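Down below is the structure, laid out as structure tokens.
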Amino acid sequence: MLLLSVTPGPSAGETAQPKPGRVVATYDAALAGISLGDFKVTTTIEGSAYKLVAKGRFSMLAGLVYSATGKTTSSGTLTPAAPQPTTFTLDYDGGKKREQRYIRFNNGTVSEVSIVPRKKKKNSTRIPVGAEQLEDVLDPLTAAFLAVRPNTPAGDLEICRQTIPVFDGKQRFDVVLTPKRSESLGSGAPKSLSG
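By the count of numbering that gives the first Met the number 0, the sequence shown reaches residue 194 at its end, each step adding exactly one.
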């Protein structure tokens with residue numbers, strides 16, 4: 000199951016720095032109408048600084064089959080080009096499986112990674128992550144909620160034509176976005192929307 004959220008960014012005519020504030024959003028995760036859990040994301044912006052906090056609780060059959068809780072945080076700076084994370088944390092408790100991750104960034108480059116417990120390396124076909132792949136990357140939370148192009152005009156599909164480089168502490172991957180379609184809203188649409 001893949002959950003993806005994209006928040007709108009300012010248009011080309013707007014300032015690159017959003018107004019200070021706090022947004023709290025709660026999401027329900029369900030499959031075939033059966034609730035699997037929920038998570039809450041709190042976004043706080045003060046000047047160019049941002050902080051994201053996400054907390055989740057998931058279970059199957061009231062915890063008889065599976066139960067997990069987690070918390071992840073990210074903080075950093077919003078720049079005209081892209082967000083620049085400074086720290087990312089993840090605390091996960093899935094009963095028998097627990098993990099804590101910490102990533103520190105310096106100017107968009109991963110400078111420190113800590114994972115507890117550290118698992119023994121298995122024989123794997125995975126390609127090791129090199130130093131050059133840890134440059135100009137985002138953490139998963141920033142990538143999911145703040146990765147937008149602030150210089151794209153409102154309604155421009157180019158906002159969905161981008162590749163977002165992500166490092167989660169173990170893997171480096173790209174999230175490739177492509178626009179699906181464009182639709183014009185009729186005269187009955189709310190005045191705050193246009194297009």
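Even glycine gets a Cβ: it sits at the ideal position worked out from N, Cα and C. From a predicted model like this one, the values you see are computed outputs, not experimental measurements.
Check: Under 7 Å between the Cβ atoms of Val112 and Ile102?; Outcome: yes
Check: May I ask which residues mark the beginning and end of the alpha helix (DSSP H) holding Leu145?; Outcome: 139 to 145
Check: Excluding the 5 residues flanking Met59 on each side, which residues of the same chain have their C-beta closer than 6 Å to its C-beta?; Outcome: Tyr65
Check: Exposed or buried, which one is Val158 when buried takes at least 16 other CB atoms within 10 Å?; Outcome: The amino acid at residue 158 is misidentified as Val; the sequence shows Ile. It counts as buried.
Check: Helix, strand or coil, according to DSSP, for Gln170 in the structure here?; Outcome: coil
Check: Using a 10 Å radius around the Cβ and a threshold of 16 neighbouring Cβ atoms, would you call Gly107 buried or exposed?; Outcome: buried
Check: Output yes if chain B places a C-beta closer than 7 Å to the C-beta of Thr86; else output no.; Outcome: Considering every chain present, this structure includes no chain B. It has just one protein chain.
Check: Checking the sheet assignment: what are the DSSP bridge partners for Ile158?; Outcome: The partner list for Ile158 (beta bridge, DSSP) is empty, contrary to what the question assumes.
Check: Based on the DSSP secondary-structure assignment, which residues constitute the bridge partners of Ser34?; Outcome: Ala29
Check: Do Thr71 and Asp92 count as a contact pair if the criterion is CB distance below 7 Å?; Outcome: no
Check: Looking at the unbroken beta strand (DSSP E) that takes in Leu77, where does it start and where does it end?; Outcome: 65 to 77
Check: Using the Cβ count rule (16 or more neighbours within 10 Å means buried), how would you classify Leu140?; Outcome: buried
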